[in-house]
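Visitor: As you go down the protein sequences, you meet chains A and B in turn. Each residue of the first sequence is one higher than the one before, starting from 1 at the first, in the working numbering. Each residue of the second sequence is one higher than the one before, starting from 1001 at the first, in the working numbering. Yeah, the Cβ is synthetic: ideal placement off N, Cα and C, and Gly gets one too. The model shown is predicted, which means the values in this text are computed figures rather than measured ones. Before anything else, here's the structure in question.
Number of protein chains: 2
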Amino acid sequence: MKTADPELMRAINRFTVLDKIRRRGPISRVEISERSQLSTTTVSAITASLLDDGLILTRHEGDIRNTAARGRPRVMLELNPDAARVVGAKIATNRIVFALTNFCGEVLSKLTIPVRVDRLPIAVISDLVEDGVRRCVVDAGLSLGDIDTVCLGLPGVVEHRTGKVRSSPVFRETDVNFAEEMTSRLNRPTIVESDAHAIALAHHWFGQARDLDDFVIVSLEQTLGLALLHNGQLFRGAGGLSHNLGDLVLGATLDETVRLSAIAGETAILGEQQASGHFAEAVRLGRGMAHAQALIASRDHPLAAAALRAGEAVGLAIANIVTLFGPPRVIIVGQTLSLGAMFTDSLRQSYAQAIPRSIREVAELVFDESPDEAWAQGAAVVALRELYESPWGTTGPALSL
Amino acid sequence: MKTADPELMRAINRFTVLDKIRRRGPISRVEISERSQLSTTTVSAITASLLDDGLILTRHEGDIRNTAARGRPRVMLELNPDAARVVGAKIATNRIVFALTNFCGEVLSKLTIPVRVDRLPIAVISDLVEDGVRRCVVDAGLSLGDIDTVCLGLPGVVEHRTGKVRSSPVFRETDVNFAEEMTSRLNRPTIVESDAHAIALAHHWFGQARDLDDFVIVSLEQTLGLALLHNGQLFRGAGGLSHNLGDLVLGATLDETVRLSAIAGETAILGEQQASGHFAEAVRLGRGMAHAQALIASRDHPLAAAALRAGEAVGLAIANIVTLFGPPRVIIVGQTLSLGAMFTDSLRQSYAQAIPRSIREVAELVFDESPDEAWAQGAAVVALRELYESPWGTTGPALSL
DNA sequence: CTCAATTTTTCCCTTATGCGGATTAATTCA
DNA sequence: TGAATTAATCCGCATAAGGGAAAAATTGAG
């Protein structure tokens, strides 16, 4: 348990002010004071310090009040985009996507490497990632030294605190300390994070959850992931791990345990088909879901049945998650959404049937097909949040003695 | 978002010190300082204030070091048991149990009213509870004015923040503002809390989780409840609600949704029997589970099958919860445990089968058949925690590092 | 153009906190 | 009895936030 001293106090208030400036665009000191319960004096002191550190900028225009407002005009404050540069990446089994952003999280350059990595040795994957980061930096007209932090988002079970990847479809090995590896390669602080957590923060900053500090992300990619934002903080579970939704058990007979991944995992949906010809090629290249949608159009295709079953299973799982957490919004993301309405309708219907009556209106389901770039941007946001020096740990490991 | 001022700072450190004194029995100032990272000066100042407020006492004995220790002897500090009196209660469908405790959470008097309340009007239930609290107070040689807070734990979905009972097997009505009702009746601040949360705090203070700040409670009573402690704080879900484990969906066919409560709820287990004679009477009086164990002893009794199925279902649900939260310990409590080894073995086996390999060793299952008194004591602890003035909201963000 | 009115921002002062070092207190051992 | 040792407190300092007054920057009326 952390003890409080003036330093912590300052850190907390500094973060609040910085966060207000980020969220409410250009904003005046008075308004920060009103919205944060801090005195104008304190806000002034903190903003002075932020200006001094070059994290924010002043702008003498953009006052939202009546143009004919009397009195001294407000000086608007906004983030200094150039205060930092970070690189975020999404590593998937069949592609790696990079995004370089400024301090505001705006993408300055991006890069996609369409490569199948899931059977490559770690050294080769590391090479690819290192190369991608370097290219992305060059594309933005920068050099690696200008980058403050790098954050890599990847599927599977990731231990954020240590940077260890417990298990992931992109690595053949388990317990890979990928953060350490990349930090020494790039000579820049490198964070490893679950891809679901990355897209969650992307939605929190820019997407469908800007207005919410509590929501759930269900990520339906090759791996089924879960992210849970609680009070604006990622909830990492007691062990500090990311969650693996695919391991959820849907039902079991005496002999057999049916896990969600066995019904709604990518390979489960697409793999049932005797992959042949054009479609097989698409699957191999990671375009399986998109192509599948076309095939499903003919409703009697066996894929249609698989899509229905997958939607049903995910709907059930989401109902259970809502039962446990009661989030106001559940955002469903990932390639599996490319299956189209047949899948999502089935999901919605199964959810509606499974959600208990008493909390039927608690949560709202939202589907979102963000491009890969958004995931990489989300990873960048993870990196930015470390720079913001949030005084609350993202998971708050309480070390009480 | 909470802003920091000196007051918060003091509240945090004061709580830290008070909590250390509670947990570490009689403890000296130096030791508090060592264990809390606070300077001896600060500890001295805070303890002086606590002594001044009468919350702690000094004791000039019990130094744990060598009796032949040199130097000025340490003055041991401990909670002042008389600093507060609270009443906790567990309201179940067929009994109400009260416990009056001191500031340390030690039970001073207790009372059980064996009464079936689940079909009574609220006014009558309120009468019973009011009467029970008053008796319990008198039994302890006190008067109601000596009581600082009352906390009522009951099954179902409880909104702690507002004191509203959304739905509960003990009430026919839904959305009952029970806290308001009892506060005005007793003229004492009265808190309403989920019974699962109450027993969770009981275990945290006195039971199987004294050493842990992260654990999960699964409560198998008439209603299936869940409590989740994260960083020493109850996790109440985004809506501030308690969780209803019974609503979890285990599996579904097209026509039918199978919920946990339909397999492992008390009525589901016992109700399948054509209730007749002696056993039926026991069920009516709430002794069903205990009597069932005797019947199960003859392994071919239909109850045995029900117990097996229930254990299986609960084991599955727990595996899913562990998949999501990864707690180091899961404590399973409640009357259903009276079914005995047949039930618990089945649960363990099903859990072992369902838990993903990668997190197999993460969580440890513990069964605990605490008496009802422990639940009431837990409710009292809920009340005490309010008095301790924890500066973090029960669901608020944890301060890290 | 000047001056009052208005609003934002800063400066000064007070009070709170925690901390480090010196001081006092209480005990053991020689 | 006095030296050594450890515990607890006192004193002064640094830093925080907050309140009120003053300064700054603008508009509008005469």
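Per DSSP, what are the beta-bridge partners of Glu1364(B) in this structure?
Guide: The sequence position of residue 1364(B) within the second sequence is 364, counting from 1. In the DSSP output, where bridge partners are listed per residue, Glu1364(B) has Arg1329(B).
Visitor: If the cut is a Cβ gap below 8 Å, which residues of chain A does Asn1013(B) touch?
Guide: Translated into positions along the second sequence, residue 1013(B) becomes position 13. Within 8 Å Cβ-Cβ: Thr3 and Ala4.
Visitor: Based on the DSSP output, what are the partners of Thr112(A) in its beta bridges?
Guide: Reading the first sequence from its first residue, position 112 is the one you call residue 112(A). For Thr112(A), which the question treats as bridged, DSSP gives the partners Val97(A).
Visitor: Tell me the residue span of the beta strand (DSSP E) that contains Thr1257(B).
Guide: For this step, residue 1257(B) is matched to residue 257 along the second sequence. Segment Thr1257 to Arg1259, the beta strand (DSSP E) holding Thr1257(B).
Visitor: Residues in the same chain with beta-carbon distance under 6 Å from Glu1364(B), minus the five sequence neighbours each way, listed in chain order, please.
Guide: Translated into positions along the second sequence, residue 1364(B) becomes position 364. Excluding sequence neighbours, Glu1364(B) sits near Arg1329.
Visitor: Along the region 200-215 of chain A, what residues have a CB closer than 7 Å to any CB found in chain B?
Guide: Of all residues in the region 200-215 of chain A, Asp214 have a Cβ within less than 7 Å of some Cβ in chain B.
Visitor: Mind checking which residues open and close the alpha helix (DSSP H) that includes Gly132(A)?
Guide: In the first sequence, the residue the question calls residue 132(A) occupies position 132. Segment Ile122 to Asp139, the alpha helix (DSSP H) holding Gly132(A).
Visitor: With 16 as the cutoff for other CB atoms within 10 Å, does Gly54(A) come out buried or exposed?
Guide: Here the question's residue 54(A) lines up with position 54 in the first sequence. Counting Cβ neighbours within 10 Å, Gly54(A) comes out exposed, since fewer than 16 surround it.
Visitor: Can you give me the C-alpha to C-alpha distance between Thr1135(B) and Leu1142(B), rounded to a whole angstrom?
Guide: Mapped onto the second sequence, residue 1135(B) falls at position 135. Mapped onto the second sequence, residue 1142(B) falls at position 142. The sequence given here places Arg at residue 1135(B); Thr does not occur at that position. Distance between the alpha carbons of Arg1135(B) and Leu1142(B): 10 Å.
Visitor: Strictly below 8 Å CB to CB, what residues from chain A border Ser1167(B)?
Guide: Taking the first residue of the second sequence as 1, we reach residue 1167(B) at position 167. Those are Ser358, listed as they occur along chain A.
Visitor: Along chain B, which residues have their Cβ under 9 Å away from the Cβ of His243(A)?
Guide: Residue numbering aside, residue 243(A) sits at position 243 when the first sequence is read from its first letter. Near His243(A) (Cβ distances below 9 Å), the residues of chain B are Thr1323, Leu1324, Phe1325 and Gly1326.
Visitor: Taking Ile1199(B) as the reference, give the member of Glu1034(B), Pro1114(B), Ala1099(B) and Pro1356(B) with the closest Cα.
Guide: Residue mapping note: residue 1199(B) aligns to position 199 of the second sequence, counting from 1. When only C-alpha atoms are compared, the closest one is Ala1099(B).
Visitor: Quick check on Thr1149(B): does DSSP put it in helix, strand or coil?
Guide: Position 149 of the second sequence, counted from the start, is the residue given in the question as residue 1149(B). In this structure, Thr1149(B) counts as strand in the three-state DSSP scheme.
Visitor: Quick check on Asn320(A) - is its C-beta less than 7 Å from some C-beta in chain B?
Guide: Along the first sequence, read from residue 1 onward, the residue named residue 320(A) stands at position 320. So yes, Asn320(A) belongs to the interface.
Visitor: Kindly identify the DSSP beta-bridge partner or partners of Gly1088(B).
Guide: The residue labelled residue 1088(B) in the question sits at position 88 within the second sequence. Answer by DSSP bridge pairing, in chain order: Ala1099(B) and Cys1151(B).
Visitor: Have a look at the DSSP bridge pairing and note the partners of Thr1058(B).
Guide: Taking the first residue of the second sequence as 1, we reach residue 1058(B) at position 58. DSSP, once it has assigned bridges, lists Leu1077(B) as partnering Thr1058(B).
Visitor: Do Ala313(A) and Leu250(A) count as a contact pair if the criterion is CB distance below 7 Å?
Guide: Within the first sequence, numbered from 1, the residue matching residue 250(A) stands at position 250. Within the first sequence, numbered from 1, the residue matching residue 313(A) stands at position 313. Yes, these two residues count as a Cβ contact at 7 Å.
Visitor: Can you name the start and end residues of the beta strand (DSSP E) that Ser1167(B) belongs to?
Guide: Numbered from 1 along the second sequence, position 167 holds the residue referred to as residue 1167(B). From DSSP, the beta strand (DSSP E) with Ser1167(B) extends over Lys1164 to Ser1167.
Visitor: Nearest-angstrom Cα distance between Leu1077(B) and Ala1084(B)?
Guide: One-based indexing of the second sequence puts residue 1077(B) at position 77. One-based indexing of the second sequence puts residue 1084(B) at position 84. Taking the straight line from one Cα to the other gives about 17 Å.
Visitor: Look at the Cβ atom of Val137(A), then the Cβ atom of Ile125(A), and state whether they are nearer than 7 Å.
Guide: Reading the first sequence from its first residue, position 137 is the one you call residue 137(A). Reading the first sequence from its first residue, position 125 is the one you call residue 125(A). No, Cβ-Cβ distance for Val137(A) and Ile125(A) is not below 7 Å.
Visitor: Starting from the C-beta of His230(A), find all residues in its chain whose C-beta is less than 7 Å away, skip the five residues before and the five after it, and write them out in chain order.
Guide: What you label residue 230(A) is simply residue 230 of the first sequence in a count that begins at 1. Same-chain partners within the cutoff: Asp214.
Visitor: Output yes or no for whether 7 Å exceeds the beta carbon distance between Arg59(A) and Pro26(A).
Guide: Within the first sequence, numbered from 1, the residue matching residue 59(A) stands at position 59. Within the first sequence, numbered from 1, the residue matching residue 26(A) stands at position 26. For Arg59(A) and Pro26(A), yes; Cβs fall inside 7 Å.
Visitor: Of the residues that make up the region 1009-1033 of chain B, which ones have a beta carbon closer than 7 Å to any beta carbon in chain A?
Guide: For the region 1009-1033 of chain B, which is checked against every Cβ of chain A, the residues closer than 7 Å are Met1009, Ile1012, Asn1013 and Thr1016.
Visitor: For the alpha helix (DSSP H) containing Val237(A), list its first residue and its last residue.
Guide: Position 237 of the first sequence, counted from the start, is the residue given in the question as residue 237(A). According to the sequence as given, residue 237(A) is Gly; it is not Val. No alpha helix (DSSP H) holds Gly237(A); DSSP gives it neither H nor E.
Visitor: Quick check on Arg1188(B): buried or exposed, where buried means 16 or more other Cβ atoms within 10 Å of its Cβ?
Guide: Looking up residue 1188(B) in the second sequence gives position 188. Result: buried.
Visitor: Run through DSSP, which three-state label would Glu1373(B) get?
Guide: For this step, residue 1373(B) is matched to residue 373 along the second sequence. Residue state, collapsed to three classes: helix.
Visitor: By DSSP, does Glu1403(B) sit in helix, in strand, or in coil?
Guide: Residue 1403(B) is absent from the model: chain B starts at 1001 and stops at 1401.
Visitor: Between which two residues does the alpha helix (DSSP H) containing Val1017(B) stretch?
Guide: The count along the second sequence starts at 1 and reaches residue 1017(B) at position 17. Segment Pro1006 to Arg1023, the alpha helix (DSSP H) holding Val1017(B).
Visitor: Any contact between the region 159-171 of chain A and the region 333-348 of chain A? By contact I mean 3 or more CB pairs, one from each, below 8 Å.
Guide: Segments in contact, no.
Visitor: Is Leu1248(B) helix, strand or coil when you go by DSSP?
Guide: Locating residue 1248(B) in the second sequence gives position 248, where the first residue counts as 1. Here Leu1248(B) sits in coil by DSSP.
Visitor: Quick one, which of Ala317(A), Phe325(A), Gly311(A) and Ala319(A) has its alpha-carbon nearest Ala341(A)'s?
Guide: Here residue 341(A) is taken as the residue at index 341 of the first sequence, counted from 1. When each option's Cα is compared against that of Ala341(A), the closest is Gly311(A).
Visitor: Does any C-beta atom of chain B lie closer than 7 Å to the C-beta of Val249(A)?
Guide: The residue given as residue 249(A) occupies position 249 in the first sequence. Yes, because at least one Cβ of chain B sits closer than 7 Å to the Cβ of Val249(A).
Visitor: Just to confirm, is the Cβ distance from Val216(A) to Leu228(A) under 7 Å?
Guide: Here the question's residue 216(A) lines up with position 216 in the first sequence. Here the question's residue 228(A) lines up with position 228 in the first sequence. Closer than 7 Å, so yes.
Visitor: Which value, in whole angstroms, describes the spacing of the CA atoms of Asp468(A) and Thr1112(B)?
Guide: No answer is possible for residue 468(A): it lies beyond the span of chain A, which begins at 1 and ends at 401.
Visitor: Could you work out which residues of chain A lie near Ser1370(B), taking near to mean beta carbons separated by less than 7 Å?
Guide: Here residue 1370(B) corresponds to residue number 370 of the second sequence, with the count starting at 1. Correct list: empty, because the minimum Cβ distance to chain A is about 22 Å.
Visitor: Would Gly145(A) be called buried (16 or more neighbouring beta carbons within 10 Å of its own) or exposed?
Guide: Residue 145(A) sits at position 145 when you count from the first residue of the first sequence. By the 10 Å Cβ count, Gly145(A) comes out exposed.
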